[in-house]
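J.:
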Amino acid sequence: MPDETQTLSPTATAVRTPADSSASRGGKPPAWVLRLVVAGLVLAALNLRPAITSLGALLEEVQNGLHMSGSVAGVLTSVPPLCFAAFGLAAPRLAQRFGAAAVVCAGMVAITAGLALRPFAGGTAAFLAASALALMGIAVSNVLMPVIVKRWFPDRIGSVTGLYSMALSLGTAVAAAATVPMTQALGGGWRTGLAVWAALAATAVLPWIPLVRDRGTDTAPPTTGTRATGTTAQAPGTARAAGTAQAPGTARGAAPRVARSRTAWALACFFGLQATGAYITMGWMPQIFRDAGVPAGTAGVLLSVTMVMGVPLAFVIPRLAARLRTQGPIVLALGLCGLTGYTGLFLAPAAGAWAWALLLGISNCAFPLALTMIGMRSRTGAGVVRLSAFAQSTGYLISVPGPLLVGVLYQHSGGWSLPLALMAGLIVPQMAAGVLAGRDRTIEDEAGMRH
3 MPDETQTLSP
13 TATAVRTPAD
23 SSASRGGKPP
33 AWVLRLVVAG
43 LVLAALNLRP
53 AITSLGALLE
63 EVQNGLHMSG
73 SVAGVLTSVP
83 PLCFAAFGLA
93 APRLAQRFGA
103 AAVVCAGMVA
113 ITAGLALRPF
123 AGGTAAFLAA
133 SALALMGIAV
143 SNVLMPVIVK
153 RWFPDRIGSV
163 TGLYSMALSL
173 GTAVAAAATV
183 PMTQALGGGW
193 RTGLAVWAAL
203 AATAVLPWIP
213 LVRDRGTDTA
223 PPTTGTRATG
233 TTAQAPGTAR
243 AAGTAQAPGT
253 ARGAAPRVAR
263 SRTAWALACF
273 FGLQATGAYI
283 TMGWMPQIFR
293 DAGVPAGTAG
303 VLLSVTMVMG
313 VPLAFVIPRL
323 AARLRTQGPI
333 VLALGLCGLT
343 GYTGLFLAPA
353 AGAWAWALLL
363 GISNCAFPLA
373 LTMIGMRSRT
383 GAGVVRLSAF
393 AQSTGYLISV
403 PGPLLVGVLY
413 QHSGGWSLPL
423 ALMAGLIVPQ
433 MAAGVLAGRD
443 RTIEDEAGMR
453 H
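If you count the sequence shown from 1, you need to add 2 to reach our numbering.
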């Protein structure tokens, strides 16, 4: 599952470094520096989801070990989108002051510290605090990774973005599949099984240390003849909608008031509802299978199957969406896969487990579709940035209650019938919002702007 890592975030011009000056004169950074940045991007992407999916695989053990109720466990599964909404907003300002590379490096340190501390938590509050620390690092890195790509690889945005998107999906899937077997191999304690992932996060700090002194966050295309793109790490096929070069300060006054746009609100609702489904899946799907009699290790592998579907589909869906005037048909197809998957979990969770995992994996690929539509629903770079910030911040806030409500329903009903009914029910407004957001119009059209 490609995740929210392609966030388009506003940045401002910062102090230029020798690398910047070299680019502006037509030169390129040394090859070893570019290889170091690629290594940093891949290792960072590998660590953007294990904090979430490793916990999902061991949620029952964590609940028992810390004496959590189902409602509190639901809070745990709601924390990631809340942290992404809250801390992600601070990333552009931090990057402007300290440099994007320094903030990503600090984010990797925060992930390492959070993952190392939470297994030693003696109570629920401490566990939540350590998890929030790790998620804070993930949030700022989510926002700034595309800025790093645009800065160092302005002529290879698509390929480098695809590389770190694949690494993100791989890290998500591996953590889901390997956490339970590693826990058993290391003695069966959930604390050890969660602590292992701090070691992987620690390796991601190393490539960023030499880059900390780079203070540049300018995402304007270099003047070396490379093709200017209108968004930060835009999804494939979105150049048509966001083709205006986005130099700092350009077209700021031309951006419409996004909150007055019905399309922007539809896109925010679509983004929020698909994020709700994704975080419910990551937090609760292994437990659904385990309660149906599926072994814990197999339940983790099933979650990894769901997550790994994002690797190929993250490339296919944006390209297909860009060829269509409206994206409603794709929205409906993904929604129907989700409805079928949840219905299967209700009727035969163990017998058809692999089929339901595949269908829910396809449904969760509404995320790259939402990112693609963000790029297509505005004509200007400034508009895309504002639309992205509005849709994603509002969407993540919308997604917060879903996993918590699932935990409450699970605790009070004693089974999965009501939670699964809620999950399936949320697909319906998701499809409606997606169809509205996928109409062939832009937020500038709705604001009555002319270019």
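The C-beta atom is built at its ideal place from N, Cα and C for all residues, glycine as well.
Going residue by residue through the region 255–325, where are the continuous alpha helix (DSSP H) segments of at least 4 residues, counting only ones entirely within it?
T.: Within the region 255–325, the complete alpha helix (DSSP H) runs of at least 4 residues are 264–293, 298–310 and 312–325.
J.: Taking 7 Å as the limit between beta carbons, can you name the residues of its chain near residue 440, skipping five residues before and five after?
T.: 328, 329, 330, 333 and 375
J.: If you draw a straight line from the C-alpha of residue 413 to the C-alpha of residue 145, how long is it?
T.: 35 Å
J.: Would you call residue 297 buried or exposed, if buried means 16 or more other Cβ atoms sit within 10 Å of its Cβ?
T.: exposed
J.: Measure the C-alpha to C-alpha separation of residue 197 and residue 36 and round it to an integer number of angstroms.
T.: If I take the Cα positions, the gap works out to 31 Å.
J.: Mapping DSSP to helix, strand and coil, what is residue 66?
T.: helix
J.: Check whether the Cβ atoms of residue 397 and residue 271 sit closer than 9 Å, and answer yes or no.
T.: yes
J.: To the nearest angstrom, how far is the alpha carbon of residue 266 from that of residue 317?
T.: One C-alpha to the other measures close to 24 Å.
J.: Go through the region 179–212 residue by residue and report every complete run of the alpha helix (DSSP H) that reaches 4 residues or more, in order.
T.: Complete alpha helix (DSSP H) runs here, min 4: 192–207.
J.: Classify residue 366 as buried or exposed, calling it buried when 16 or more other Cβ atoms lie within 10 Å of its own Cβ.
T.: buried
J.: Can you name, in chain order, every residue of its own chain whose Cβ lies under 6 Å from the Cβ of residue 51, other than the five neighbours on each side?
T.: Around residue 51, the same chain offers 173 and 174 as residues with beta carbons nearer than 6 Å, after the five sequence neighbours per side are excluded.
J.: Tell me the residue span of the alpha helix (DSSP H) that contains residue 107.
T.: Residue 107: member of the alpha helix (DSSP H) spanning 102–119, first to last residue.
J.: In angstroms, rounded to a whole number, what distance separates the CA positions of residue 84 and residue 209?
T.: 28 Å
J.: Could you tell me the alpha carbon to alpha carbon distance between residue 116 and residue 355, rounded to whole angstroms?
T.: 33 Å
J.: Indicate whether residue 61 and residue 41 have their beta-carbon atoms separated by less than 9 Å.
T.: The answer is no: Cβ separation not under 9 Å.
J.: In the DSSP assignment, find the unbroken alpha helix (DSSP H) run with residue 413 in it and report its ends.
T.: 403–415
J.: Rounded to whole angstroms, what's the CA-CA distance from residue 54 to residue 204? Just pull it up for me.
T.: Approximately 17 Å between the Cα atoms of the pair.
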